[in-house]
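The structure appears right after this line, and notes come after that.
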Amino acid sequence: MTYRVGIVGAGFLTRHSLIPALRGMPDGRLAAVLDPDPQALALTSPAWPEARYTSDEDAFFATEMDAVHVATPNHLHEHFTLRALERGLAVVVDKPLAHTVASGRAIVAAGAAAGVPAIVGYMSKHNVYNREARRLVAEGAIGTPQAMVAARLGWRKDDWRSRPAESGLGCLADLGIYPVLTAIDIFGADPVRCEATAWPVHDPTRTDLYAQATLWFDDRRYLHFETAATFHEQPASAEVASYTVIGDAGIIQVSGAWQMDGTGALELCDASGWRPAARLTPVDPYRSQYELLARAAAGEPVPDEVSLARGLRDLEILYAVADTAAARAGAAAVRLSGGASLAEAR
Ligand SMILES: NC(=O)c1ccc[n+]([C@@H]2O[C@H](COP(=O)([O-])OP(=O)(O)OC[C@H]3O[C@@H](n4cnc5c(N)ncnc54)[C@H](O)[C@@H]3O)[C@@H](O)[C@H]2O)c1
Numbered sequence: 001m002t003y004r005v006g007i008v009g010a011g012f013l014t015r016h017s018l019i020p021a022l023r024g025m026p027d028g029r030l031a032a033v034l035d036p037d038p039q040a041l042a043l044t045s046p047a048w049p050e051a052r053y054t055s056d057e058d059a060f061f062a063t064e065m066d067a068v069h070v071a072t073p074n075h076l077h078e079h080f081t082l083r084a085l086e087r088g089l090a091v092v093v094d095k096p097l098a099h100t101v102a103s104g105r106a107i108v109a110a111g112a113a114a115g116v117p118a119i120v121g122y123m124s125k126h127n128v129y130n131r132e133a134r135r136l137v138a139e140g141a142i143g144t145p146q147a148m149v150a151a152r153l154g155w156r157k158d159d160w161r162s163r164p165a166e167s168g169l170g171c172l173a174d175l176g177i178y179p180v181l182t183a184i185d186i187f188g189a190d191p192v193r194c195e196a197t198a199w200p201v202h203d204p205t206r207t208d209l210y211a212q213a214t215l216w217f218d219d220r221r222y223l224h225f226e227t228a229a230t231f232h233e234q235p236a237s238a239e240v241a242s243y244t245v246i247g248d249a250g251i252i253q254v255s256g257a258w259q260m261d262g263t264g265a266l267e268l269c270d271a272s273g274w275r276p277a278a279r280l281t282p283v284d285p286y287r288s289q290y291e292l293l294a295r296a297a298a299g300e301p302v303p304d305e306v307s308l309a310r311g312l313r314d315l316e317i318l319y320a321v322a323d324t325a326a327a328r329a330g331a332a333a334v335r336l337s338g339g340a341s342l343a344e345a346r
C-alpha cells in the first residue's frame, strides 16, 4: 500500500532530506508541496516531478494524501498542523514543536482531539548511534551515568531563524535541542533545574546565537552543553556534534549522530579499555519517521519519545534554559568553592 505525504515548506529540509527519504521508501509517494515562494517550488520540483507543486493552501489540502509534513519556519507549525489534523491527516511537525510554548500547547490540544497519529520530527531519535548509546547505558555498560558533556555548533543562514517572532528561540531550539533530547534519553528523566548563559537573551529583534547550560536531572546527574549558530558559510569541519557520557564504570563517546545523514561514531571505554561499538548500519532517520507514521496509521501506538506532548515538554525545557540565561545576564561575582566571591578572595 502506498503512503502519500504532502510537505508544507519547500526549503532546505525538504530538498536535502525529506524528498530523498520518500524516494528511499518503496511505498512512499510525494503527493504535493506547498510554498508561497515560486522559486522554492521550482528548485524542489525536479526531485519528484509527478507531485503537485502549489502556492494555494486550499489546493494543497484538497490533494489526496495520508500525511502532512510541516517543514516551515517555526511560527507556522501550529497553523499547518491544525489544518492537517482537521482534515484527519497524520502529521510530522518538524522540530522544535513550535516557536512559543503557547503555540505548542495549541498543537498538543489539537493532536489529542484529532485521534490521528502525529509526531515531532526528531531525527536524532532514529539515529542508530544515539539508539546504541541509550541501549548501552540501559544495559549498564558504563555503570550508572553520572554526567554528560555535549557540543552542537553549526552555521545557518541569517534568516527567519534570527527573528524571534518567526523562530522563537535561536540556536537553543535549532541545535541545542539535540543535547537536551539525548540527555533525557540517557538519564531516563526530565531535568529539574538548570543554570545557563546565552547571548543575546530576551532580545526582541534577535534570537540567541550562543548558549551554554547545565541541566540537573537530580542532585548529582547533569548535562553540560554548549550550542552556537554562526552565519558564515564554513567548511563541514566547523560543524560540531558530539557528546560524552561518563558513568561510574566507563565512558561512551558519540560523534556525528546529531547530523542529518544518519551516520555517526560511538566508542566505549570500560575496565578493559577503549573499543568501537559493534558494527551498526546507519538508517535514513527521515525515512524512519515516515515508516513510523505509516505503522501508527495502521494501529501501532506513537512512541512517547516522538509524541507531540514530548515535543511540548522539550520546548518548555528550552524556554526554561533561555529564561534562566536571561535572568542571570549581566555581571555576577565569581564564587569560589568556599563561597567567597573572587573579589573578596583577592
Ligand atoms: N529535523 C531536522 O533535521 C531539521 C533540519 C532543518 C530544519 N528543520 C526544521 O524544519 C523547518 C524548516 O526548516 P528549513 O531549514 O527547511 O527552513 P527554510 O527556510 O530552508 O525553508 C522554509 C520554507 O518554508 C516556506 N514557507 C514560508 N512561509 C510558508 C507558508 N505560509 N506556507 C508554506 N511554506 C512556507 C519558505 O518559503 C521556505 O521555502 C523548521 O522548523 C526547522 O527547525 C529540521
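Numbering-wise (the UniProt record's numbering), the sequence shown opens with residue 1 and increments by one. Ideal Cβ placement from N, Cα and C applies to all residues, glycine included.
Look up residue i in the DSSP assignment and say whether it is helix, strand or coil.
{"i": "Gly-247", "result": "strand"}
{"i": "Trp-160", "result": "helix"}
{"i": "Phe-80", "result": "helix"}
{"i": "Glu-64", "result": "coil"}
{"i": "Leu-223", "result": "strand"}
{"i": "Ala-98", "result": "coil"}
{"i": "Arg-15", "result": "helix"}
{"i": "His-75", "result": "helix"}
{"i": "Arg-131", "result": "helix"}
{"i": "Ile-252", "result": "strand"}
{"i": "Asp-10", "result": "Rather than Asp, the amino acid found at residue 10 in this sequence is Ala. Coil."}
{"i": "Val-70", "result": "strand"}
{"i": "Ala-228", "result": "strand"}
{"i": "residue 358", "result": "Residue 358 falls outside the range modelled here, since the chain spans only 1 to 346, and no answer is possible."}
{"i": "Glu-305", "result": "helix"}
{"i": "Arg-23", "result": "helix"}
{"i": "Pro-179", "result": "helix"}
{"i": "Pro-204", "result": "coil"}
{"i": "Asp-185", "result": "helix"}
{"i": "Asp-58", "result": "helix"}
{"i": "Glu-166", "result": "helix"}
{"i": "Pro-86", "result": "At residue 86 the sequence reads Glu, which differs from the Pro that was named. Looking at Glu-86 - three-state DSSP - the assignment turns out to be helix."}
{"i": "Arg-346", "result": "With a pLDDT of 45 at Arg-346, under the threshold of 50, the modelled position of this residue cannot be trusted, and the question is left open."}
Ends of the alpha helix (DSSP H) at residue i?
{"i": "Asp-94", "result": "No alpha helix (DSSP H) contains Asp-94, which is instead part of the beta strand (DSSP E) from 90–94."}
{"i": "Pro-101", "result": "In the sequence under discussion, the amino acid at residue 101 is Val, which differs from the Pro named in the question. Segment 101–114, the alpha helix (DSSP H) holding Val-101."}
{"i": "Thr-324", "result": "308–327"}
{"i": "Arg-287", "result": "285–297"}
{"i": "Thr-281", "result": "Per DSSP, Thr-281 belongs to no alpha helix (DSSP H) and is neither H nor E."}
{"i": "Ala-173", "result": "171–174"}
What span of residues does the beta strand (DSSP E) with residue i cover, start to end?
{"i": "Ala-265", "result": "265–270"}
{"i": "Val-33", "result": "28–34"}
{"i": "Gly-121", "result": "118–121"}
{"i": "Glu-195", "result": "193–199"}
{"i": "Arg-275", "result": "273–276"}
Bridge partners of residue i, per DSSP?
{"i": "Tyr-3", "result": "Gly-28"}
{"i": "Val-137", "result": "Answer by DSSP bridge pairing: none, since Val-137 is not bridged."}
{"i": "Leu-215", "result": "Cys-194 and Leu-223"}
{"i": "Gly-143", "result": "Ala-141"}
{"i": "Ser-242", "result": "Ala-151 and Ser-255"}
{"i": "Arg-52", "result": "Ala-32"}
{"i": "Tyr-210", "result": "Trp-199 and Ala-228"}
Taking only heavy atoms of ligand 3 into account, decide whether any of them is closer than 7 Å to the Cβ of residue i.
{"i": "Trp-48", "result": "Among the ligands modelled here, namely ligand 1, ligand 3 does not occur."}
Margin query: Three or more C-beta pairs under 8 Å: does that hold for the stretch 146–154 against the stretch 240–248?
Written below: yes
message: Under 8 Å: do the stretch 304–322 and the stretch 135–147 share three or more Cβ pairs, one atom per stretch?
response: no
Exercise. Taking 8 Å as the threshold, find out whether the stretch 167–186 comes into contact with the stretch 116–129 through three or more Cβ pairs.
Key: yes
Practice task
Spell out a yes or no on whether the stretch 97–109 and the stretch 36–45 are touching, meaning 3 or more CB-CB pairs, one atom from each, closer than 8 Å.
Solution key: no
Meets three-Cβ-pair contact criterion under 8 Å: the stretch 4–18 and the stretch 60–71: yes
Report yes or no: do three or more beta-carbon pairs, one from the stretch 267–278 and one from the stretch 159–179, lie closer than 8 Å? no
TODO: Take every Cβ of the stretch 154–163, pair it with every Cβ of the stretch 293–300, and state whether three or more of those distances are shorter than 8 Å.
DONE: no
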